[in-house]
Amino acid sequence: MVRFEDVWLRYRHLAARNAVETTVLRGVSFEIPDGGFRWLTGPSGAGKTSLLKLIYLAEHPSRGRIDIMGTHAARISRRDAALLRRRIGVVYQDFRLLGHLSAHDNVALPLRLARRSEAHIRADVAEILRWVGLAGRLEARPDELSGGEQQRVAIARAVVGRPKLLVADEPTGNLDDEQAERLMMLFTTLNQLGTTVIIATHNTGLVERYPAPRLEMANGELVAHG
Amino acid sequence: MAKLMAKRADLLGLGTGLTDWLLPVLVAAMSFLAALALAGTLASAMLAAQWRHDTASALTVQVTDPQAPDAAQTQSRALAVLAALSSAPGIADAKLMSADQLNRLLTPWLGADVSKLALPVPAVITATWQGADDTGALAASLQKIAPGTLVSTGSAWAARVAALTASLQTSAAAVLVIVALVAAAVVAVATRAGLAQRRDAIEIVHGLGALDADIADSFAARATWLTVIGALIGLALALPVLIWLAALAAPVSDFAPQGPLPGLPPALWMSLPLLPLAAAGIGWVTAQLTVHGWLRRLA
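Protein sequence lines, in the order shown, are assigned to chains A and B.
For the first sequence, this note's numbering gives the first residue as 1322, with consecutive numbering after it.
For the second sequence, this note's numbering gives the first residue as 27, with consecutive numbering after it.
Structure, rendered in structure tokens:
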């Protein structure tokens, strides 16, 4: 379950030696049950990425309460926050792959951090990379991959640990229609297996083809839910 | 297994970062200085013990009017005191200084041959004092044989020598502490440079659920490896210098090279391997503290 209760997010920065405060989320409240599927939509700058960052614990809210999988996010230790992150799969808008690692090792990262056995890692990584159509690019480094291939590696990394919560920020932005459909099948399959899925997208066609409740953002506020 | 551990240890790509060449070079310089300071500490301790013993055991007896008969009127006062000293308990190597020896001692102050000056010069007897600190009983017995005889030991000088060598030891120890602090600062700066260089990678593995300890251990392992390499290089460079200094100091010290590890005192041979271990400890602890402090800025 993901629950936001009157969540605000403000950033402070210096401009011309004066502290300037920017409010990016304003009193956001919603609840997604375990195993739910939500589209997160809205124009650029509406606060979608900031909301996702709060869900995958990359930011702390300025005000309000966030519960992730039954855990009050503000009240957990750094260690428990790290362990909670291991149960959250994240597809970043800018992929965020490690340039010094191969596609295989990038995908293996979450499993290695979770101290899985190498035999287990080899099997799982090979399977998921085959699923995303990169079976022949195991040893390629990110700079040897196209944008679409990098995106698929990022998606494979997010799902390889079979997360309880999957958060994706524009996961199909660099993919052709066929690849996008294939990956949506992967996400919906995971969702049917019990993973809560939240996908931020501008792709209205995709949203129409895969009907699900929407969280619609505008100007930092949640303007529609359902 | 080794490959797996290497993969786990280098998730952040530190094998190609953390200012690879600069840290060992700076630590080598620190290690070189530390080896010299350590040798200085041990050498000053050894010399202090030797000097204190030599100075404190020196006994000087001055016999005024040495050619006059002693109290028993049997021989000269000088010879009577010498005989008494030779048979006294706790006294060894009692020797009457010759006129030539006295002359050599006094000429720098009196500027001429003492025998040609009309000055009453006492006889001087030197001996090694092996008794307790108090020479009062000895002085009293010598006074009965030759009134006016003065007895002095080197204990006053020994105290000054002890103060001097203690200050030398303190200085050498302070140098060791300063070198350790500078080494820690060097490791901290290199680690911060590595953190800045790997910021994106750290944020990614942090986001994937890496514990602070996972990230800190990666940096600490790398920093420890580089500091140990640097310490070994510094030690290798310091060894010939130390052996050369020990050879220079040999004439004024009791130490004589011997055994399978020639050139340096055994205590120094046993202490020098501690430098790479200390460097490893400094590298590990400093990197851990630096990384944990830096990671607090991440959510």
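Built from N, CA and C at the ideal position, the CB exists for glycine as well.
Keep in mind the model is a prediction, meaning the values are calculated, not measured.
### Query
Hey, does P1463/A have any beta-carbon neighbour from chain B nearer than 9 Å?
Indexing the first sequence from 1 puts residue 1463/A at position 142. So no, P1463/A is outside the interface.
### Message
Please state the DSSP three-state secondary structure of F1351/A.
### Response
To locate residue 1351/A, count along the first sequence from 1; it is residue 30. Note: F1351/A maps to strand in three-state DSSP.
### Query
Which ranges would you report for the alpha helix (DSSP H) in the segment 1497-1527 of chain A if only whole runs of at least 4 residues count?
1498-1513
### Residue range of the unbroken beta strand (DSSP E) whose run includes D1327/A
By 1-based counting over the first sequence, the position of residue 1327/A is 6. Residues 1323-1336.
### Query
Excluding sequence positions up to five away, which residues of its chain have a Cβ less than 7 Å from the Cβ of V208/B?
In the second sequence, residue 208/B corresponds to position 182, counting from 1. The residues are M56.
### Task
Check distances from the C-beta atoms of the segment 236-247 of chain B to those of chain A and list, in chain order, the residues that come in under 7 Å.
A236, L237, D238, D240
### Query
Taking all protein chains shown into account, do 16 or more other C-beta atoms lie within 10 angstroms of the C-beta of E1352/A, making it buried, or fewer, making it exposed?
In the first sequence, counting from the first residue as 1, residue 1352/A sits at position 31. E1352/A should be labelled exposed.
#### Entry: Within 9 Å, strictly: CB atoms of V1345/A and G1368/A
Counted from its first residue, the first sequence places residue 1345/A at position 24. Counted from its first residue, the first sequence places residue 1368/A at position 47. Yes, the Cβ-Cβ distance between V1345/A and G1368/A is below 9 Å.
### Query
What does L64/B touch in chain A if you count any residue whose Cβ is under 8 Å from its own?
Indexing the second sequence from 1 puts residue 64/B at position 38. Within 8 Å Cβ-Cβ: nothing; L64/B doesn't reach chain A, min ~40 Å.
### Query
With 9 Å set as the bound, which would you pick, yes or no: does the beta-carbon of A188/B sit closer than that to a beta-carbon of chain A?
Within the second sequence, residue 188/B is the residue found at index 162, counting from 1. Not closer than 9 Å to any Cβ of chain A, the Cβ of A188/B fails to qualify, so no.
### Query
Ends of the beta strand (DSSP E) at L176/B?
The residue labelled residue 176/B in the question sits at position 150 within the second sequence. Unbroken beta strand (DSSP E) run through L176/B: 176-179.
### Query
What residue from A163/B, A184/B, W183/B, S181/B has the CA that sits closest to T175/B's CA?
Here residue 175/B refers to the residue found at position 149 when the second sequence is read from its first residue. The candidate whose alpha carbon is nearest that of T175/B is A163/B.
### Query
Which residues mark the beginning and the end of the beta strand (DSSP E) in which K329/B is found?
Residue 329/B is absent from the model: chain B starts at 27 and stops at 325.
### Message
Just checking: is the beta-carbon of R1417/A within a distance shorter than 9 Å of some beta-carbon in chain B?
### Response
By one-based count along the first sequence, residue 1417/A stands at place 96. It does: the Cβ of R1417/A has a partner Cβ on chain B nearer than 9 Å.
#### Entry: chain A contact residues for G260/B, given Cβ-Cβ distances below 9 Å
Position 234 of the second sequence, counted from the first residue, corresponds to residue 260/B. By Cβ distance, chain A contributes nothing, its closest Cβ being about 30 Å from G260/B, past 9 Å.
#### Entry: Entirely enclosed beta strand (DSSP E) segments - the segment 127-198 of chain B, minimum 3 residues
149-155, 176-179
### Neighbour-count burial assignment, P1484/A, 16 or more Cβ in a 10 Å radius
Here residue 1484/A is taken as the residue at index 163 of the first sequence, counted from 1. Classification of P1484/A: buried, given that the 10 Å Cβ count is 16 or more.
### Query
To the nearest angstrom, how far is it from the Cα of R1384/A to the Cα of G39/B?
Taking the first sequence and counting its residues from 1, the one referred to as residue 1384/A is at position 63. Taking the second sequence and counting its residues from 1, the one referred to as residue 39/B is at position 13. Cα to Cα, R1384/A sits roughly 37 Å from G39/B.
### Task
Indicate whether at least one CB of chain A lies closer than 9 Å to the CB of A18/B.
In the structure as shown, chain B starts at 27 and stops at 325, and residue 18/B therefore has no counterpart that could be examined.
### Query
What is the rounded straight-line gap between the Cα of G1469/A and the Cα of N1495/A?
Here residue 1469/A refers to the residue found at position 148 of the first sequence. Here residue 1495/A refers to the residue found at position 174 of the first sequence. Approximately 5 Å, taken between the alpha carbons.
### Task
Let me know the alpha helix (DSSP H) ranges lying completely inside the segment 1408-1439 of chain A, each 4 residues or longer, listed in chain order.
1424-1434
### Message
Quick check: V1488/A and L1418/A, are their CB atoms within less than 9 Å of each other?
### Response
As a first step, residue 1488/A must be located in the first sequence, where it is residue number 167. As a first step, residue 1418/A must be located in the first sequence, where it is residue number 97. No; because the gap between Cβ atoms is not below 9 Å, this pair is not in contact.
### Task
Please work out which residues of its chain come closer than 7 Å, Cβ to Cβ, to L194/B, disregarding the five sequence neighbours upstream and downstream, and give them in chain order.
What you label residue 194/B is simply residue 168 of the second sequence in a count that begins at 1. So the qualifying residues of the chain are S70.
### Message
Rounding to the nearest angstrom, what Cα-Cα distance links G1356/A and I1389/A in this structure?
### Response
Within the first sequence, the letter at position 35 stands for residue 1356/A. Within the first sequence, the letter at position 68 stands for residue 1389/A. For G1356/A and I1389/A, the distance between alpha carbons rounds to 13 Å.
### Query
Could you give the distance in angstroms between the alpha-carbon of K29/B and the alpha-carbon of R1437/A?
To locate residue 29/B, count along the second sequence from 1; it is residue 3. To locate residue 1437/A, count along the first sequence from 1; it is residue 116. Confidence at K29/B is low in this model, with a pLDDT of 49, below 50, so its placement is unreliable and the value that follows should be read with caution. Cα to Cα, the separation comes out at about 15 Å.
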